[in-house]
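**Q** Submitted below is the structure of interest, expressed as C-alpha cells.
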Amino acid sequence: MTRYLLFLLGCCLSFTSRAQCVFRNAFQSTLADCSVGMTWLELQTIGWPPTEQWTFSVDFGPIQPFLSHWTQIGGKWRYAVPLNAGVHTLDLPGYTDQLGTEYCWDTYVFPTDLSVTPGDCGINLRIRAALDGALPSGALMTDGLRSAGLLPLAQPYTGLGYTFVGSPTNMSITPSLLAVSGNDALVDWVVVEVRDAAAPSTILYSKPALLQRDGDVVDADGDNYVNCPIAPAVYHVALRHRNHLGVMSASAHFHNVDPNISRHDFTGTLTGWYQGAYGTNAQVLKGGIQRLWAGDATGNGQLRYTGAGNDRDPILTAIGGTTPNNMVSNVYDRRDTNLDGVIKYTGTGNDRDVILINVGSTTPNSTRIQQLP
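At position 292 of the sequence shown (counting the first as 1) the number is 292 in my numbering, and the numbers step up by one without a gap.
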C-alpha cells in the first residue's frame with residue numbers, strides 16, 4: 001500500500017493508492033503424470049487467513065473462489081487439482097474491505113510430490129477399520145486365517161454373489177503378501193465401495209481389498225491405499241465384509257489421487273482422519289474401538305439369533321445338526337464368525353455366541369440391521 005501526500009492551496013490532502021496486490025509465482029514441476037503423483041500446489045499462510053472474498057487463478061485461467069477449490073491441511077492450503085509437469089503460474093489477488101483496508105497474503109509456493117504407485121490415477125483411499133469377530137481383545141486383530149494358510153489368494157466375494165461395479169482390477173494377491181506377519185499381517189478380504197454423495201445408495205465403483213491386523217485397508221497389490229480409477233469428486237466411502245455388517249462414512253468428502261487428503265477412520269481412534277458412520281448404531285464400540293458388527297453368517301445384512309433366516313442355524317447345520325459338540329476345522333467359511341478357521345456351535349470360542357452377544361443376550365429375538373443405504 002502506497003501513501004501519497006499532496007499539497008493543494010496550502011491544504012494537506014492525503015489519499016491511499018492501492019495496487020492490484022497480486023501474488024504471482026511460477027514454479028517448475030518435474031513429475032510426469034498422476035501415476036507418480038503429479039504436483040500439488042500448496043500455500044503456506046503467514047498473514048491473513050482466507051475468507052469467502054478470496055479469489056485465485058491458475059495459469060491465467062478463470063478467476064475462481066478460493067475456499068471452493070483449496071483444502072486446509074495442517075498449516076497449508078492445497079489446491080484440489082494436481083498439476084501436470086511443466087511451469088505454472090498462480091495469481092492470488094487481495095481484496096479491499098468495506099473500510100477501504102486492503103488485505104494481501106504473504107505466502108510462498110512449493111510443489112509437494114505425492115508417493116503413489118505408477119498407474120494409480122483417479123482417487124486413492126486411506127481407510128482404517130476393525131472387525132469385531134477378529135478382535136477379542138487389545139488393539140490388533142487376529143490373523144488366524146492367514147497363519148493357518150486358509151486365506152485365499154483370490155477375492156471371495158464374486159463366489160458369494162457380490163457383483164463388483166466398474167470392472168476393478170487387483171482381484172487376487174501374491175503369496176508374498178501372505179508371508180507378512182506382525183501388525184501388517186492380513187486378516188481377511190473386504191470390499192471397498194465409492195458411493196454417490198447425493199444418492200449414497202448408488203455404488204459408483206467397488207473393488208476388493210484386504211484388512212491388516214492394525215486396521216489398515218490395503219490394495220491387493222500391497223499399496224497402503226486403495227486405488228479407484230474414477231474422477232476426483234465428493235464421495236461417500238463404504239466398507240463391507242463377508243460376515244460382518246457393512247459400514248459407510250457419515251458424510252461425503254472430496255477425494256482425489258492424494259490418499260491423504262481425505263482419510264476415513266471407522267475405528268474412531270485416529271486424530272486428523274474423518275470419523276463416524278452413517279446410520280444408527282452402525283458399529284459396536286468395545287475396548288474404545290469402533291468395530292463392524294460380527295455374526296452375519298447368512299450374509300443377508302442382518303444379525304438374527306432366532307426366527308426365520310437366523311444366523312445361528314447355519315452354524316449348527318455346518319457341524320452336523322444333531323451333534324452340536326462337533327466342530328469343523330481348517331475352513332474359510334462365512335459361518336466362522338470369529339475368523340479363527342473353525343466352525344463351532346458350543347464350547348470356548350464358538351461362533352454362535354458372537355451372534356447372541358451382538359444381537360443382545362437379554363433380547364435374543366431382536367434383529368440388528370446393516371446401516372448401508
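We put the CB at the ideal spot given by N, CA and C, even for glycine.
Does the beta-carbon distance from Leu131 to Ile173 come in below 8 angstroms?
**A** In the sequence shown, counting from the first residue as 1, residue 131 sits at position 131. In the sequence shown, counting from the first residue as 1, residue 173 sits at position 173. Here Leu131 is not near Ile173, since their CB atoms are 8 angstroms or more apart.
**Q** Just the C-alpha distance for Pro65 and Glu52, rounded to the nearest angstrom, thanks.
**A** As a working note, residue 65 is residue 65 in the sequence shown. As a working note, residue 52 is residue 52 in the sequence shown. The alpha-carbon atoms of Pro65 and Glu52 are separated by roughly 7 angstroms.
**Q** Can at least three beta-carbon pairs, one atom from the region 181-201 and one from the region 145-163, be found at a separation below 8 angstroms?
**A** yes
**Q** Could you tell me the alpha carbon to alpha carbon distance between Gly215 and Phe60, rounded to whole angstroms?
**A** Working through the sequence shown from its first residue, we reach residue 215 at position 215. Working through the sequence shown from its first residue, we reach residue 60 at position 60. Their backbone Cα atoms lie some 44 angstroms apart in a straight line.
**Q** Ser57 bridges to which residues according to DSSP?
**A** Counting from one through the sequence shown, the residue named residue 57 turns up at place 57. Per DSSP, Asp91.
**Q** Apart from the five residues just before and just after Gly222, which ones in its own chain have a Cβ nearer than 7 angstroms to its Cβ?
**A** Position 222 of the sequence shown, counted from the first residue, corresponds to residue 222. The answer, listed in chain order, is Leu177.
**Q** Do the CB positions of Val359 and Leu303 come within less than 8 angstroms of each other?
**A** One-based indexing of the sequence shown puts residue 359 at position 359. One-based indexing of the sequence shown puts residue 303 at position 303. Yes.
**Q** Could you tell me the alpha carbon to alpha carbon distance between Pro229 and Gly133, rounded to whole angstroms?
**A** Within the sequence shown, numbered from 1, the residue matching residue 229 stands at position 229. Within the sequence shown, numbered from 1, the residue matching residue 133 stands at position 133. Computed Cα separation, rounded: 31 angstroms.
**Q** For Thr298, which residues from the same chain have a beta carbon less than 7 angstroms from its beta carbon, with the 5 sequence-adjacent residues on both sides left out?
**A** By one-based count along the sequence shown, residue 298 stands at place 298. The answer, listed in chain order, is Gly309, Asp311 and Pro314.
**Q** In its own chain, which residues sit with a C-beta less than 6 angstroms from the C-beta of Val194, not counting the 5 before and 5 after it?
**A** Numbered from 1 along the sequence shown, position 194 holds the residue referred to as residue 194. Closer than 6 angstroms at the Cβ level, and outside the excluded window around Val194, lie Leu204, Tyr205, Cys228 and Tyr235.
**Q** Going by other Cβ atoms of all chains shown within 10 Å of its Cβ, with 16 needed for buried, is Ala154 buried or exposed?
**A** Mapped onto the sequence shown, residue 154 falls at position 154. Looking at its Cβ environment, which holds fewer than 16 other Cβ atoms inside 10 Å, Ala154 is exposed.
**Q** So which of Pro200, Asp184 and Val237 has the shortest CA-CA distance to Gln212?
**A** Taking the first residue of the sequence shown as position 1, residue 212 is located at position 212. Here the closest residue by C-alpha is Asp184.
**Q** When you compare the region 236-253 with the region 264-271, are there three or more beta-carbon pairs, one atom per stretch, that lie closer than 8 angstroms?
**A** yes
**Q** On the premise that Asp196 lies in contact with Leu245, defined as a C-beta separation below 8 angstroms, what is that separation, rounded to the nearest angstrom?
**A** Within the sequence shown, numbered from 1, the residue matching residue 245 stands at position 245. Within the sequence shown, numbered from 1, the residue matching residue 196 stands at position 196. That belief does not hold up - the Cβ atoms of Leu245 and Asp196 are roughly 21 angstroms apart, past 8 angstroms.
**Q** Output needed for Leu270: all residues of its chain with C-beta closer than 7 angstroms, excluding positions within five of it in sequence on either side, in chain order.
**A** Translated into positions along the sequence shown, residue 270 becomes position 270. Contacts found: Arg128.
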